[in-house]
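Q:
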Amino acid sequence: MPDSNIIKKYNASNIHVPSSMLNWMRSNHAGETGAVWIYMGAKCVFWNKKIQDMSKEHYETENNHLIVMSHILPKNSHSKLLILWRILGFGLGFFSALLGYRFFCVTIQSVETFVEEHYQEQIDFLYKNFTSFELLRVLKKCCDEEVEHQIDAKLQKGNVKNNSFERFWSNLIGSGSSLAVNISKQY
Ligand SMILES: [Fe+2]
Ligand SMILES: [Fe+2]
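In terms of this note's numbering, the sequence shown opens at residue 33 and continues consecutively.
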């Protein structure tokens, strides 16, 4: 699908970013960049069919999100550290996929849980301040799709509780993502 159709599909054609949302949007664009590269990294683990299938499917959605964020956010407002977000995303996807399908699912579930909260916070802000209904609608659609990824990873992981290392890893992803958001809001 050409980019213009994706932008239309997300109702993102004519959105002006309010100044109160500029830092948030920079972090969204940086985050979607990282997400695209997580799945590019995971796709390198070509011998694992299940990881391949999930990565191909999720990649497509993340790439749509990135196209939409790139369209909405003026280029001079992009994060100066995009190279870093790409490297970190790729590394996270590749190394968690190397540790197998279950571990990859734990990673994706943790990442998407963080991303859901990240978008929800902005949706709440826009709603309470009557700021931009158009932007709210775009973020809501992205957020819903992140939740789908989260549920997919959770179901695929199966009904086995996380062990202590997986819990540690999930917490690490939560704090690492939060740090990345704070940095990308500024730079
Ligand atoms: Fe996304
Ligand atoms: Fe996602």
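Glycine included, every Cβ here is placed at the ideal spot set by N, Cα and C.
Return yes when at least one heavy atom of ligand 1 lies under 7 Å from the C-beta of Glu-153, else no.
A: Along the sequence shown, read from residue 1 onward, the residue named residue 153 stands at position 121. Outside the cutoff, so no.
Q: Is Glu-178 near ligand 2, judged by its Cβ being under 7 Å from some heavy atom?
A: As a first step, residue 178 is located in the sequence shown; it is residue number 146 there, counting from the start. Yes, since a heavy atom of ligand 2 falls inside the 7 Å radius drawn around the Cβ of Glu-178.
Q: Report the three-state DSSP secondary structure of Thr-163 (helix, strand or coil).
A: Sequence index remark: in the sequence shown, residue 163 carries index 131 (1-based). If DSSP states are grouped into helix, strand and coil, Thr-163 belongs with coil.
Q: For Ala-74, I'd like the list of residues in its chain whose CB is within less than 7 Å of its CB, leaving aside the five on either flank, ordered along the chain.
A: Against the sequence shown, residue 74 aligns to sequence position 42. The beta carbon of Ala-74 is closer than 7 Å to those of Ile-83, Ser-87, Gly-125, Phe-126, Ala-129, Phe-136 in its chain, skipping five residues each way along the sequence.
Q: Got a sec: does ligand 1 put a non-hydrogen atom nearer than 7 Å to the Cβ of His-97?
A: Position 65 of the sequence shown holds residue 97. True, at least one ligand heavy atom lies under 7 Å from that Cβ.
Q: Where does His-150 land, buried or exposed, given buried means 16+ other C-beta within 10 angstroms?
A: Within the sequence shown, the letter at position 118 stands for residue 150. By the neighbour-count rule (16 or more Cβ atoms within 10 Å), His-150 is buried.
Q: Can you tell me the Cα-Cα spacing of Gln-141 and Leu-204, whole angstroms?
A: On the sequence shown, position 109 is the one that residue 141 refers to. On the sequence shown, position 172 is the one that residue 204 refers to. Going from the Cα of Gln-141 to the Cα of Leu-204 covers about 13 Å.
Q: Let me know the secondary structure DSSP gives Val-77 once reduced to three states.
A: Translated into the one-based positions of the sequence shown, residue 77 becomes position 45. In the structure shown, Val-77 sits in coil (DSSP, three-state: anything other than H, G, I, E or B).
Q: Do the region 95 to 111 and the region 44 to 58 meet, that is, are 3 or more Cβ pairs less than 8 Å apart?
A: Touching, per the Cβ criterion.
Q: Using 8 Å as the threshold, is the region 43 to 53 in touch with the region 159 to 179, meaning 3 or more CB pairs across them?
A: yes
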